[in-house]
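Peer 1: Below: one structure in structure tokens.
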Amino acid sequence: MTRIDHARKGVITDEVRAAASSEGISPEQLSSDIAEGLSVIPRNIRRGIKPIGIGRGLSTKINANIGTSRDRISFEEEKEKLKVILKHGGDALMELSTGGPIKELREYILKEASIPVGTVPIYEAVIRGVEACGSIAKITAEDFFMVIQEQAEQGVDFITVHSGLTLKAVQRLKEQGRTLDIVSRGGSFLLE
-19 MTRIDHARKG
-9 VITDEVRAAA
1 SSEGISPEQL
11 SSDIAEGLSV
21 IPRNIRRGIK
31 PIGIGRGLST
41 KINANIGTSR
51 DRISFEEEKE
61 KLKVILKHGG
71 DALMELSTGG
81 PIKELREYIL
91 KEASIPVGTV
101 PIYEAVIRGV
111 EACGSIAKIT
121 AEDFFMVIQE
131 QAEQGVDFIT
141 VHSGLTLKAV
151 QRLKEQGRTL
161 DIVSRGGSFL
171 LE
């Protein structure tokens, strides 16, 4: 069962109790907010990190972004960024690597980070698609879901999914005459 399933059945888990205690709210309130989709506890069952709550009525969290790029691949820099995030009280981090052996770096970060780690799976799906087929356009939904599954199995605690682009929205972008149609990297991959 998932956290939302438990919450919807009225089951208050130890994770909910711990996160609620940290926030100074009742476990019942946090569980209710999880059941309604208003709060979450981003924590993969494969990792032993402290449960934190994110959402309605909870304290503001600091999320930091790290990751390599095609043009700058330095594990040492990313390891140092992780140390800085942890030292200064970051609550969560996004591992956004797009260059080098990203799976190995993510494994290191997941092992060393005592906070939730998130990703944007479309980045890895695009990298794999370009390497395998030479084109973003040939990536299938199955390719994308495979990356999500692999990252979850690796221990990733939460993901960002870019999924709101429709043909109607693309047409509206073209008609608006914007300088840049989409400024999000993940969103621009969808447009491709």
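The opening residue of the sequence shown carries number -19 in the numbering used here; numbering runs sequentially from there.
The beta carbon of each residue, even a glycine, is placed where N, CA and C say it ideally should be.
1. Assuming the contact rule is C-beta atoms closer than 8 Å, K30 and A(-2) should be a hit. Round their C-beta distance to whole Å, please.
2. Taking the alpha-carbon of G176 as reference, which of S39, L62 and E111 has the nearest alpha-carbon?
3. CA-CA distance, F55 and T78?
4. Are the Cβ atoms of I116 and A105 separated by less than 7 Å?
5. Would you call R152 buried or exposed, if buried means 16 or more other Cβ atoms sit within 10 Å of its Cβ?
6. So, with DSSP's three-state summary, where would you put E16?
7. Quick one: what does DSSP say L76 is sitting in, helix, strand or coil?
8. Counting Cβ pairs, one atom from each stretch, are 3 or more of them under 8 Å apart for the stretch 41 to 52 and the stretch 3 to 18?
9. Please report the straight-line C-alpha distance between Q134 and K61, rounded to a whole angstrom.
10. Just verifying my parser: in three-state terms, what is the DSSP assignment at I(-8)?
11. Just how far apart, CA to CA, sit E92 and G28?
12. DSSP puts R152 in a beta bridge; with which residues?
13. Would L10 pass as a contact of V(-4) if the rule is Cβ separation under 7 Å?
Peer 2: Let's see:
1. For the purposes of this step, residue 30 is identified with residue 50 of the sequence shown, where counting begins at 1. For the purposes of this step, residue -2 is identified with residue 18 of the sequence shown, where counting begins at 1. With 8 Å as the limit, K30 and A(-2) qualify as a contact, their Cβ atoms being about 7 Å apart.
2. Only positions -19 to 172 of the chain appear in the structure, and residue 176 is not among them; the question remains open.
3. Position 75 of the sequence shown, counted from the start, is the residue given in the question as residue 55. Position 98 of the sequence shown, counted from the start, is the residue given in the question as residue 78. C-alpha separation (whole angstroms): 12 Å.
4. As a first step, residue 116 is located in the sequence shown; it is residue number 136 there, counting from the start. As a first step, residue 105 is located in the sequence shown; it is residue number 125 there, counting from the start. Result no, Cβ atoms of I116 and A105 do not sit closer than 7 Å.
5. Looking up residue 152 in the sequence shown gives position 172. Exposed, by the Cβ-count rule.
6. Within the sequence shown, the letter at position 36 stands for residue 16. If DSSP states are grouped into helix, strand and coil, E16 belongs with coil.
7. Locating residue 76 in the sequence shown gives position 96, counting from the first residue. Residue state, collapsed to three classes: coil.
8. Touching, no, given that fewer than three Cβ pairs across the two stretches are closer than 8 Å.
9. Here residue 134 refers to the residue found at position 154 of the sequence shown. Here residue 61 refers to the residue found at position 81 of the sequence shown. Distance from the CA of Q134 to the CA of K61, rounded to the nearest whole angstrom, comes to 21 Å.
10. Residue numbering aside, residue -8 sits at position 12 when the sequence shown is read from its first letter. For I(-8), the three-state secondary structure derived from DSSP is coil.
11. Indexing the sequence shown from 1 puts residue 92 at position 112. Indexing the sequence shown from 1 puts residue 28 at position 48. When rounded, the distance between both Cα atoms is 11 Å.
12. Taking the first residue of the sequence shown as 1, we reach residue 152 at position 172. Answer is none; R152 lacks a bridge partner.
13. For the purposes of this step, residue 10 is taken as the residue at position 30 of the sequence shown. For the purposes of this step, residue -4 is taken as the residue at position 16 of the sequence shown. In this structure, L10 sits near V(-4), with a CB-CB distance shorter than 7 Å.
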